[in-house]
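*Asks:* In our numbering, the protein residues as written are 544 to 682. Cβ coordinates follow ideal geometry from the N, Cα and C atoms, glycine included. None of the values given here were measured: they were computed from a predicted structure. The structure follows.
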Amino acid sequence: MTFEPIIRSQSDLHETWSRLMGPLGFSGRSIWLMLIRADHRPLPHLTQIEEADRLPSHEQQRSFAEMLQMLVTDVVPGGRVAFLRSRPGAGGLTLEDKAWARSLYDAARISRVSVEVVHRACDVDLVPVPMDEVLAQPA
């Protein structure tokens, strides 16, 4: 049976990420990008950015933002993006998790694309990282 989610809510997104990332357990750090069409259906493939060990430089973030804008404009007009950071290790949100979420929210803001709540997956859990959670932390 093909998995064809419809993402209209945070709950739908969390369920989708859980299904796509399970079973949990990661050997490295990655950023996952999901493009969601205007009809709330994600494209049938994910983009994985592997070896995401260090936060992007300002120039890298600008380039990423330009790519996001192009993808949404050309591939999913009127759509949005969803991000998930995966890493090995224990649960709980680390300062690094929050810094990555901030960077992803910033890239979406720079590119002026709509973004879903960023998620983080590790060896034991998958959790949302809401924007207000990361804005409470110093940059």
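1) Out of D675, M564, M610 and I549, which has the shortest C-alpha to C-alpha gap to R628?
2) Three-state secondary structure (DSSP) at T559?
3) Are there three or more Cβ pairs, one per stretch, closer than 8 Å when the segment 671-681 is compared with the segment 561-581?
4) Are there 16 or more other CB atoms within 10 angstroms of the CB of H662, so buried, or fewer, so exposed?
5) Should T559 go down as buried or exposed, given a rule of 16 or more other Cβ atoms within 10 Å for buried?
6) Am I right that A581 and L611 are in contact with their C-beta atoms under 8 Å? What's the rounded C-beta distance?
7) Rounded to whole angstroms, how far is the Cβ of I579 from the Cβ of I550, which I believe are closer than 8 Å?
8) Check each candidate in S552, W643, R655 and S654 and name the one with the smallest Cα separation from V677.
*Replies:* Walking through what the data contain:
1) In the sequence shown, the residue the question calls residue 628 occupies position 85. Comparing Cα-Cα distances from R628 to each of D675, M564, M610 and I549, the minimum goes to M564.
2) Here the question's residue 559 lines up with position 16 in the sequence shown. DSSP places T559 in helix when its eight states are reduced to three.
3) No: the two stretches stay apart, fewer than three of their Cβ pairs being nearer than 8 Å.
4) In the sequence shown, residue 662 corresponds to position 119, counting from 1. H662 is buried by the Cβ-count criterion.
5) Within the sequence shown, residue 559 is the residue found at index 16, counting from 1. When all chains shown are included, T559 counts as buried.
6) Your numbering for residue 581 matches position 38 in the sequence shown. Your numbering for residue 611 matches position 68 in the sequence shown. Taking a contact as a CB-CB distance under 8 Å, the pair A581 and L611 does not count as one, their CB atoms being some 16 Å apart.
7) As a working note, residue 579 is residue 36 in the sequence shown. As a working note, residue 550 is residue 7 in the sequence shown. Indeed they touch by this definition, with Cβ atoms about 6 Å apart.
8) Residue mapping note: residue 677 aligns to position 134 of the sequence shown, counting from 1. Minimum Cα distance to V677 is reached at W643.
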